[in-house]
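As structure tokens, the structure follows; a few thoughts come after it.
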Amino acid sequence: MTTQTTQTLAEGVECIDTGLYRPQLAASYLIRGGDRLAFVDTGVARALPRLLAAVEQQGLTPEHVEAVIPTHVHLDHAGAAGALMAVCPNARLIVHPKGAQHLIDPSKLTAGATAVYGAAEFERHFGDLTPIPESRVEIAEDEHRIDIGGRVLRFIDTPGHANHHGCLFDERTRGWFTGDTFGIAYPEFCTSAGPWLLAPTTPVAFDPPAWQASLDRLLEAKPLCAYLTHFGRVEDPAALVGQLRGSIDALAEVALREEDQPEAGRLARLKCAVTDTLVAAAQAHGVRMAPDQISEWLVVDRELNAQGLEVWLQRRRKQREAAA
Ligand SMILES: [Zn+2]
Numbered sequence: 102m103t104t105q106t107t108q109t110l111a112e113g114v115e116c117i118d119t120g121l122y123r124p125q126l127a128a129s130y131l132i133r134g135g136d137r138l139a140f141v142d143t144g145v146a147r148a149l150p151r152l153l154a155a156v157e158q159q160g161l162t163p164e165h166v167e168a169v170i171p172t173h174v175h176l177d178h179a180g181a182a183g184a185l186m187a188v189c190p191n192a193r194l195i196v197h198p199k200g201a202q203h204l205i206d207p208s209k210l211t212a213g214a215t216a217v218y219g220a221a222e223f224e225r226h227f228g229d230l231t232p233i234p235e236s237r238v239e240i241a242e243d244e245h246r247i248d249i250g251g252r253v254l255r256f257i258d259t260p261g262h263a264n265h266h267g268c269l270f271d272e273r274t275r276g277w278f279t280g281d282t283f284g285i286a287y288p289e290f291c292t293s294a295g296p297w298l299l300a301p302t303t304p305v306a307f308d309p310p311a312w313q314a315s316l317d318r319l320l321e322a323k324p325l326c327a328y329l330t331h332f333g334r335v336e337d338p339a340a341l342v343g344q345l346r347g348s349i350d351a352l353a354e355v356a357l358r359e360e361d362q363p364e365a366g367r368l369a370r371l372k373c374a375v376t377d378t379l380v381a382a383a384q385a386h387g388v389r390m391a392p393d394q395i396s397e398w399l400v401v402d403r404e405l406n407a408q409g410l411e412v413w414l415q416r417r418r419k420q421r422e423a424a425a
């Protein structure tokens with residue numbers, strides 16, 4: 102199969118398909134200002150050749166890469182950061198304060214991802230993480246500004262999906278690079294009603310109220326578009342946000358229905374309920390695939406969402422016990 106790996110989405114915004122699992126699942130963005138480049142999200146370590154090919158397509162070299170900016174340190178977003186830094190001598194890694202340590206010493210990320218995905222899957226799809234020297238790491242606090250050849254990216258802290266998550270606003274195209282904060286919109290589920298958004302409630306820091314507040318902040322900028330890591334550009338975020346807010350609420354509700362139920366077997370029940378909820382939402386959006394097929398496209402998401410909801414319930418129990 103020949104698939105176009107890189108697509109221009111706006112002036113100086115290239116969307117690179119990092120090739121995780123299937124086409125158009127996980128993007129990396131290459132942003133250009135003058136003859137300077139920045140990557141926002143990198144895909145998994147195995148994506149490195151595709152990232153470098155995109156640089157070459159610009160008629161530039163890895164020396165022109167000034168910044169590597171993962172929105173957060175989950176591996177589909179930051180897995181290639183270390184490998185990329187190793188071949189881009191002038192780049193600095195710009196990262197949320199809560200994510201930095203995990204890219205300097207990726208051993209916990211490897212262990213965490215192995216726990217979530219299993220060792221065989223980790224090896225097969227992700228590839229080894231390369232540590233990044235601390236001296237090359239720049240911490241992005243809220244409202245950090247990054248200048249890429251005169252093109253300004255504004256970083257804001259956006260907890261909710263992960264507590265080490267930030268989004269970047271590109272003033273030039275008035276678009277947000279949203280990582281997972283603006284949800285997931287796979288092209289396969291786009292209908293005449295537009296893209297279908299779902300909330301990834303991935304372990305370990307799902308936080309519904311924080312997430313809703315992060316969405317408020319994204320909208321404050323009056324964005325024209327959002328560049329989603331999963332996957333591509335969507336228009337008019339203000340018109341789409343209701344879907345995502347509904348998905349966050351519906352998935353939280355799925356978990357809360359299980360809150361006082363026995364923990365034995367709960368994860369399996371959550372998986373079923375997450376699947377039913379997502380399939381029903383896709384159908385309500387006008388997706389005409391059979392339920393089994395919808396569920397198959399979402400095979401990784403429903404697994405991660407159920408695990409994340411289980412972790413959230415356990416955190417809520419600990420908080421209640423601590424308060425008692
Ligand atoms: Zn992701």
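Note that the working numbering has the sequence shown beginning at 102, numbered continuously upward.
Backbone N, C-alpha and C fix where the C-beta goes; we use that ideal spot for every residue, glycine too.
Predicted model only: the values in this text are computed from it and were never measured.
Cβ of residue i within 7 Å of any heavy atom in ligand 1?
i: Pro309; result: no
i: Asp350; result: no
i: Arg337; result: It is worth fixing the name first, because residue 337 is Asp in this sequence and not Arg. Asp337 Cβ: outside cutoff for every heavy atom of ligand 1.
i: Thr330; result: yes
i: Asp177; result: yes
i: Pro171; result: no
i: Pro301; result: yes
i: Asp229; result: no
i: Asp118; result: no
i: Asp281; result: yes
Who are the near neighbours of residue i in its chain, counting only those whose CB is closer than 6 Å to its CB and skipping five residues on each side?
i: Cys291; result: none
i: Ala154; result: none
i: Trp277; result: Cys268, Phe270, Leu319, Pro324 and Ala327
i: Gly409; result: Thr302, Thr303, Pro304 and Phe307
i: Ala294; result: His386 and Gly387
i: Arg367; result: Glu359
i: Thr274; result: Ala111
i: Val412; result: Pro304 and Val305
i: Pro296; result: Ala286 and Val335
i: Arg421; result: none
For residue i, report the span of its alpha helix (DSSP H) as first-last.
i: Glu336; result: Counting along the chain, Glu336 falls outside any alpha helix (DSSP H), though it belongs to the beta strand (DSSP E) covering Gly333 to Glu336.
i: His178; result: Leu176 to Ala179
i: Ile205; result: Ala201 to Ile205
i: Trp398; result: Pro392 to Trp398
i: Gln313; result: Pro309 to Glu321
i: Ser208; result: Ser208 to Tyr218
i: Val305; result: No alpha helix (DSSP H) holds Val305; DSSP gives it neither H nor E.
Considering only residues of the same chain and omitting the five flanking positions on each side of residue i, which have a CB-CB separation below 8 Å?
i: Arg370; result: Glu359 and Gln362
i: Arg403; result: Lys372, Val375, Thr376, Leu379 and Ser396
i: His173; result: Ala179, His197, Gly200, His262, Ala263, His265, His266, Gly267, Gly280 and Asp281
i: Pro309; result: Gly261, Ile349, Asp350 and Ala353
i: Glu164; result: Cys189, Pro190 and Asn191
i: Glu167; result: Arg137, Leu138, Ala139, Asn191, Ala192, Arg193, Ile249 and Gly250
i: Gln68; result: Outside the displayed span of the chain (102 to 425) sits residue 68, for which this structure offers no information.
i: His226; result: Leu121, Tyr122, Val145, Arg147 and Tyr218
i: Val156; result: Leu131, Leu138, Thr162, Pro163, His165 and Val166
i: Thr106; result: Ile117, Asp118, Gly120, Arg151, Ala154 and Ala155
i: Gln158; result: Thr107 and Glu115
Here's a check: name, in chain order, each residue in its chain whose Cβ is nearer than 7 Å to the Cβ of residue i, leaving out the five neighbours to either side.
i: Thr103; result: At Thr103, the pLDDT of 44 sits below 50, so the modelled position is not reliable; the number obtained from the coordinates is stated separately. Hits under 7 Å: none found.
i: Ala181; result: Thr143, Gly144, Val145, Ala146, Ala148, Leu149 and Leu152
i: Thr119; result: Ala127, Ala128, Ser129, Gly144, Val145, Ala148 and Arg151
i: Pro232; result: Gly183, Ile205, Asp206 and Pro207
i: Asp243; result: Ile257 and Asp258
i: Ser315; result: Thr259, Pro260, Gly261 and Thr282
i: Glu289; result: Trp398
From which residue to which residue does the beta strand (DSSP E) around residue i run?
i: Val169; result: Val166 to Ile170
i: Ser129; result: Ala128 to Gly134
i: Asp118; result: Val114 to Asp118
i: Gly267; result: Gly267 to Asp271
i: Leu194; result: Arg193 to Val196
i: Val145; result: No beta strand (DSSP E) contains Val145, which DSSP labels as neither H nor E.
i: His245; result: His245 to Ile249
i: Cys326; result: Cys326 to Leu329
i: Arg252; result: Arg252 to Asp258
i: Gln502; result: In this structure the chain extends from 102 to 425, so residue 502 is not present and cannot be described.
i: Glu239; result: Val238 to Ile240
i: Gly280; result: Gly276 to Gly280
Check the C-beta distance from residue i over to residue j and give it rounded, since I have them as a contact under 8 Å.
i: Leu414; j: Ala356; result: 6 Å
i: Asp176; j: Ala214; result: The amino acid at residue 176 is misidentified as Asp; the sequence shows Leu. About 5 Å; that satisfies the 8 Å criterion.
i: Leu110; j: Gly333; result: 7 Å
i: Tyr122; j: Val401; result: 7 Å
Between the segment 309 to 326 and the segment 282 to 296, do at least 3 Cβ pairs fall closer than 8 Å? yes
Are the segment 198 to 212 and the segment 231 to 241 touching, with three or more C-beta to C-beta distances below 8 Å? yes
Does the contact criterion of 3 or more C-beta pairs under 8 Å hold for the segment 206 to 216 versus the segment 292 to 303? no
I'd like to know if the segment 327 to 341 and the segment 376 to 387 are in contact, where contact means that at least 3 CB-CB pairs between them fall below 8 Å. no
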